[in-house]
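Novice:
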Amino acid sequence: GRDAPPRCGCLGSRTSRDRAPRPARGRALRLRVRARTDPLHARGPQGGDDPGPPCGRRPSRGRSSGRPVRAQRVAGRGARRARPPRWLPDHEGAPRTGLYLRSQATLRLRGSARLLDRRELGDRGAQVPGHDAAPDEPRRNRALRHLRARCAGRGLAHAAPVRSPRPPPIPRGRASRPAAVKGRLASLDALRGFDMLWIIGGAEIVRALAEATGLAPLSWIAAQTHHTEWNGFRLWDLVFPLFLFLAGVSMPFSMEHRIARGDGRRALHAHVLKRACALVFLGIVYNGLLTFDFAHQRYASVLGRIGLAWAGAALIFLHTDVRGQVAWAVGLLVAYWLAMVWIPVPGIGAGDLGPGRNLADFLDQHLLPGRLHRGNRDPEGILATVPAVSTALLGVLTGHWLRTARSEASKVIGMLAAGVVLCGLGLAWHPVFPINKNLWTSSFACLCAGLSLLSLALFYYVIDVRGHRGAAFFLVVVGTNAITVYLLHDFVDWKALADLALVERHVHPIVSLAAALGLQWALLLVLYRRRIFLRV
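What follows is the structure in structure tokens.
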């Protein structure tokens, strides 16, 4: 047979006899390597005394100094592969660092991201070292590093990270380190479900049991299912702050997920604004908007305060680091305390914290439209939303703590210690600034945050550390659709539906209340099984 036609192995080029025909169709991915044109590159990319490739042949067709070297890879069957010159990084004295490769190579990518991932990286993309170690690095950046290293002939280990030409979508508010916690924390959903369980019927069942049995422990728990009139604290006062605190805990997880998928600061701000507006609107609907009685419409609401406080904490999270968030949480509590004590109310004076006579109630009387919840005051008013932002921020700081790479025991101990400190701070603040849920005083915010931390530490240890997730399934079903069940509990008479479902109409009230709670849970279970969640 005839000998194979001569070819230059170092250049990877072939003679006209050895070339495969160009495919008629296919999508191309072009890589362009530009050589610098400075005095050191008079005769080639590596310097003035460059002897060229080992075979002595010089590159042709525009491969001299200052002209681009093209390497074309054609996707499709029977594709022709033409590699860039191998002598580019292998010449004697050439630097082998990622900085050199990044300065010498310029890539132009043409084609879709799917073409880039599947046809260029192939199945090896998931096997590249560090491919899964940096979840926040866009796939396009990983592909750029891979292709640039292959173009230079040195391998991925010698390629330094490159910057995407797009502006980085990660805002300054990324405060926590790469998280050791992966996936959704079941303890958060379980504790949220435990909180909502009291609202949708748990408190009524406890009251009925206490009335029927007369047991002292049940009677004490039943007494705790009512709000305090003014100053003081009962466990029922913790239901609302605990929900807001848990919303803050989940914020670092949800925001980091949005950042990792490529959302920029504008998209994050739009998400915060839309969620706040949606919660405020749902709160107004909950207070009777559909009756169209605007003269007696109440505009302040529980959902509205959750939306505004969460939005304020989210904006602080996006624009500050952990130290800034601590400063904001402390500063808002102190500023609210000083404002309530030192700013005089017209006709009353400064420092009066009585109902309807304090600064917060005065602002609600003159600025809130519609009807106030208690005649001359509203517990979900305007000024009292400021310390509620601090409650959400304390939850955000707890979320940062859970996302760190510390051991599970350290996380539990840290939450317990912080909870004890905050409870002590709230009790110590009480003589100066009384614990008051209606005004959401700074002492009340500290006490509720401390109790929320202690509760979360207990649930986190039992469910996520010890692994008792099956026992918490009943609560998780409620916690994953908390807003849904909160709205349905007001619009649907579940007790009447339970009475219709019971065969025996004349049953004990406890049975009727338990059946109503069971109907609500059954509906939530159907939504949970079908993966239907109300996302606001």
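Residues 29 to 564, numbered by my numbering, are exactly what the sequence shown covers, in order.
C-beta atoms are modelled at their ideal positions from N, C-alpha and C, and glycine is treated no differently.
(1) Determine the closest residue to Gly-452 out of His-255, Arg-558, Leu-482, Tyr-488, with distance taken between C-alpha atoms.
(2) Going by DSSP in three states, Val-373 sits in which element: helix, strand or coil?
(3) Are the beta-carbon atoms belonging to Ile-410 and Leu-430 less than 7 Å from one another?
(4) Does Gly-398 come out as helix, strand or coil in the three-state DSSP assignment?
(5) Whole alpha helix (DSSP H) runs in the region 379-465 with 4 or more residues, listed along the chain?
(6) Taking only the alpha-carbon atoms, compute the straight-line gap between Leu-270 and Ala-378 and give it to the nearest angstrom.
(7) Using 8 Å as the threshold, is the region 329-344 in touch with the region 298-317, meaning 3 or more CB pairs across them?
(8) Please report the straight-line C-alpha distance between Pro-199 and Ser-418, rounded to a whole angstrom.
(9) Give the straight-line distance between the Cα atoms of Pro-206 and Ala-433, rounded to the nearest whole angstrom.
(10) With His-536 as the anchor, note down where its alpha helix (DSSP H) starts and where it stops.
(11) Would Thr-413 be called buried (16 or more neighbouring beta carbons within 10 Å of its own) or exposed?
(12) If you draw a straight line from the alpha carbon of Leu-266 to that of Leu-503, how long is it in whole angstroms?
(13) Could you tell me the boundaries of the alpha helix (DSSP H) in which Val-234 lies?
(14) Counting along the chain, where does the alpha helix (DSSP H) carrying Leu-482 start and finish?
(15) Name the two residues that bound the continuous alpha helix (DSSP H) containing Phe-282.
(16) Return the CA-CA distance between Trp-549 and Ile-376, expressed in angstroms with no decimal places.
(17) List the DSSP bridge partners of Asn-259.
(18) Ser-247 lies in the alpha helix (DSSP H); which residues open and close that run?
(19) Return the CA-CA distance between Leu-455 and His-255, expressed in angstroms with no decimal places.
(20) Measuring CB atoms only, is the region 313-327 touching the region 397-405, in the sense that at least three cross pairs come out at less than 8 Å?
(21) What separation, rounded to the nearest whole angstrom, lies between the Cα atoms of Arg-152 and Met-279?
(22) Who are Arg-294's beta bridge partners in DSSP?
(23) When you compare the region 336-355 with the region 290-301, are there three or more beta-carbon pairs, one atom per stretch, that lie closer than 8 Å?
Specialist: For this structure:
(1) Checking every option, the nearest Cα to that of Gly-452 belongs to Leu-482.
(2) Look at Val-373 here: in three-state DSSP terms it is strand.
(3) No.
(4) Looking at Gly-398 - three-state DSSP - the assignment turns out to be strand.
(5) Runs of the alpha helix (DSSP H) inside the region 379-465: 387-395, 413-431, 436-457.
(6) Going from the Cα of Leu-270 to the Cα of Ala-378 covers about 31 Å.
(7) Yes: at least three Cβ pairs fall under 8 Å.
(8) For Pro-199, the predicted model reports a pLDDT of 45, less than 50, meaning its position is unreliable; a value from the coordinates is still stated below. Their Cα atoms are separated by approximately 21 Å.
(9) In this prediction, Pro-206 has a pLDDT of 40, which is less than 50 and means its spatial position is unreliable; nothing more can be read from the coordinates.
(10) Taken as a continuous stretch (DSSP letters only), His-536 belongs to no alpha helix (DSSP H), as it is neither H nor E.
(11) Label assigned to Thr-413: buried.
(12) Leu-266 and Leu-503 have their C-alpha atoms some 18 Å from each other.
(13) It spans 231-241 - the alpha helix (DSSP H) in which Val-234 sits, taken as one unbroken run.
(14) Element bounds for Leu-482: 470-487.
(15) The identity of residue 282 in the sequence shown is Ser, whereas the question assumes Phe. Annotation for Ser-282: the continuous alpha helix (DSSP H) segment containing it runs 279-288.
(16) The straight-line gap from Cα to Cα measures roughly 50 Å.
(17) Residue pairing from DSSP places Asn-259 in a beta bridge opposite Asn-464.
(18) DSSP places Ser-247 in the uninterrupted alpha helix (DSSP H) bounded by 244-251.
(19) Inter-residue distance for Leu-455 and His-255 is about 18 Å (C-alpha atoms, whole angstroms).
(20) The region 313-327 is in contact with the region 397-405.
(21) With a pLDDT of only 36 at Arg-152, under 50, the local geometry of the prediction cannot be trusted, and the value read off the model is given with reservation. Within the model, the alpha-carbon separation for Arg-152 versus Met-279 is close to 35 Å.
(22) None; Arg-294 has no bridge partner.
(23) Between the region 336-355 and the region 290-301 there are three or more inter-stretch CB-CB distances shorter than 8 Å, so the stretches are counted as touching.
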